[in-house]
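S.K.: Below you will find the structure I want to go over with you.
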Amino acid sequence: MSFDDESGHFARLHNIFTFHLGVAVSLSWLTSLYASMYAPWVRNIRPLIDPSYSGHVESTWSFLFIFPVVLTVSWLIAVFGRSVMLQLRMLKNQTLEFAIAAAVAFGLFYLSVDRAVTAILIGS
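In numbering that gives the first Met the number 0, the protein residues as written are 0 to 123.
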C-alpha cells in the first residue's frame, strides 16, 4: 500500500469518525442542557441519586457537563489535530485504531446521556 493510498484511507476514516463524534457531542450537550432545566442544582448531587453513597462531593454542574466537555475537547483535537493523528500511529491497522477510538467515544457519550437521564429523573 503506498503512502497516497494510506492517507486516502485515513482521510475517509477520519471524516467518518469526526462527523459521528460531532453528532455525539451535539446530542450530549443537548441532553445535558435539557436535564439542567429539570435537575436540582445542589452542591452535592450524589446523595440524591444514591442515599447510601458516602464518596466525593460532586455538584450538579460537574455531574451533568463533565462528559460533554470531554467529548467536545476530544472532537476539537480530532478535527484540528488531523495531521498529527496521521503521523502518530499506535497500531498497524488504522481501521482498528478508529474502531477503538469510536468505542471509547461511544462509552463517554453513553455515560453523558445516562447522567442526564438520571438528573431528569431526580428532578421529576
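Glycine included, every Cβ here is placed at the ideal spot set by N, Cα and C. As the structure is a prediction and not an experimental result, all values here were calculated from the model.
Going by DSSP in three states, MET0 sits in which element: helix, strand or coil?
M.R.: If you number the sequence shown from 1, residue 0 lands on position 1. A caution first: MET0 carries a pLDDT of 48, below 50, which makes its placement in the model unreliable, though a value can still be read off. Note: MET0 maps to coil in three-state DSSP.
S.K.: Is GLU57 helix, strand or coil when you go by DSSP?
M.R.: By 1-based counting over the sequence shown, the position of residue 57 is 58. Reduced to three states, the DSSP call for GLU57 is coil.
S.K.: Shortest alpha-carbon distance to HIS8 belongs to which of SER51, ALA102, HIS19 and GLU96?
M.R.: Translated into the one-based positions of the sequence shown, residue 8 becomes position 9. Here the closest residue by C-alpha is GLU96.
S.K.: How many Å lie between PHE66 and SER53 at the Cα?
M.R.: In the sequence shown, the residue the question calls residue 66 occupies position 67. In the sequence shown, the residue the question calls residue 53 occupies position 54. Between PHE66 and SER53, the C-alpha separation is close to 22 Å.
S.K.: Please report the straight-line C-alpha distance between HIS13 and THR30, rounded to a whole angstrom.
M.R.: Numbered from its first residue, the sequence shown carries residue 13 at position 14. Numbered from its first residue, the sequence shown carries residue 30 at position 31. Cα to Cα, the separation comes out at about 25 Å.
S.K.: What's the C-alpha gap between MET0 and PHE64?
M.R.: By 1-based counting over the sequence shown, the position of residue 0 is 1. By 1-based counting over the sequence shown, the position of residue 64 is 65. At MET0 the pLDDT is 48, less than 50, meaning the model places this residue with poor confidence; the figure from the coordinates comes in the next sentence. Cα to Cα, MET0 sits roughly 43 Å from PHE64.
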